[in-house]
Ligand code: DGL
């Protein structure tokens, strides 16, 4: 049985990376819908359809749990997926709650970067309504970061220029930057270099993986094997066998640079 990770592209590898650290003995399937990325600039209906198509394909592959390692697809489809399939479906949620809790007391604001679709969807708006009573959260879409990531460009002048271009002027007012898109942790180094040192940068990856582990435990689904599991990759429905591409994926999963 496999734990399946799904994303519009390579962003979900930042989540799978955490899962591999905590649960190395599981077998994983990673599905990148890179041929159809980006999702964040599409309509909710389009994203839902693409997500359902992918999950239908993956359903043939013995799923014990499905992680929608994409905030955008989570907003568009997670509720319907849970109604359709019997296996546990785990979604992403931008780490707004811890960020607000931390910054309310120190008089700083919170900046959430995510895709345009995530930010405008009901799921995110509900999250803000629940936790941002003091109105300290600002939101910013960053679509080009998804494009850069899909080109495996995570660092350098082009990335830095874009980060500087989109960031609000008065950055000193922010205590925390929330990465509300799974592609964005891939830019941690570039973000750290281009933001004031005292802004902390957080994502929801560890929280999602802890939640996944709890669900597996509670359903007696954790692997009992003492051997390292394997990861199989699919790109938009085709198994990835290209060595160069596999190396790029593996560098994100096991490399030191995240
Ligand atoms: N990785 C996705 C997310 O977490 C979206 C990127 C895209 O626009 O395709 O929202």
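Numbering (this note's numbering), first residue to last: -2 to 255.
Glycine is no exception: its CB is placed at the ideal position from the N, C-alpha and C atoms.
From the DSSP output, which residues share a beta bridge with residue i?
| i | result |
| --- | --- |
| residue 61 | DSSP, once it has assigned bridges, lists no residue as partnering residue 61. |
| residue 138 | 111 |
| residue 28 | 3, 231 |
| residue 236 | 231 |
On the three-state DSSP scale, how would you describe residue i?
| i | result |
| --- | --- |
| residue 214 | helix |
| residue 249 | helix |
| residue 83 | coil |
| residue 200 | strand |
| residue 265 | Because residue 265 is not part of the residues shown, which for the chain are -2 to 255, the question remains open. |
| residue 174 | strand |
| residue 76 | helix |
| residue 258 | For residue 258 there is no data in the structure shown, the boundaries of the chain being -2 and 255. |
| residue 208 | helix |
| residue 221 | coil |
| residue 21 | coil |
| residue 66 | coil |
| residue 47 | helix |
May I ask which residues mark the beginning and end of the beta strand (DSSP E) holding residue i?
| i | result |
| --- | --- |
| residue 257 | Here the chain comprises residues numbered -2 to 255, so residue 257 is not present and cannot be evaluated. |
Return yes when at least one heavy atom of the ligand DGL lies under 7 Å from the C-beta of residue i, else no.
| i | result |
| --- | --- |
| residue 89 | yes |
| residue 29 | no |
| residue 6 | yes |
| residue 40 | no |
| residue 159 | no |
| residue 152 | no |
| residue 205 | no |
| residue 36 | yes |
Counting C-beta neighbours from all protein chains within 10 Å, is the total for residue i 16 or more, i.e. buried, or is it exposed?
| i | result |
| --- | --- |
| residue 251 | exposed |
| residue 71 | buried |
| residue 179 | buried |
| residue 4 | buried |
| residue 139 | buried |
| residue 35 | buried |
| residue 121 | buried |
| residue 224 | exposed |
Can you name the start and end residues of the alpha helix (DSSP H) that residue i belongs to?
| i | result |
| --- | --- |
| residue 159 | 154 to 163 |
| residue 126 | 119 to 128 |
| residue 92 | First-last for residue 92: undefined, no H or E at that position. |
| residue -2 | Residue -2 -> no alpha helix (DSSP H), and no H or E assigned at all. |
| residue 191 | 185 to 191 |
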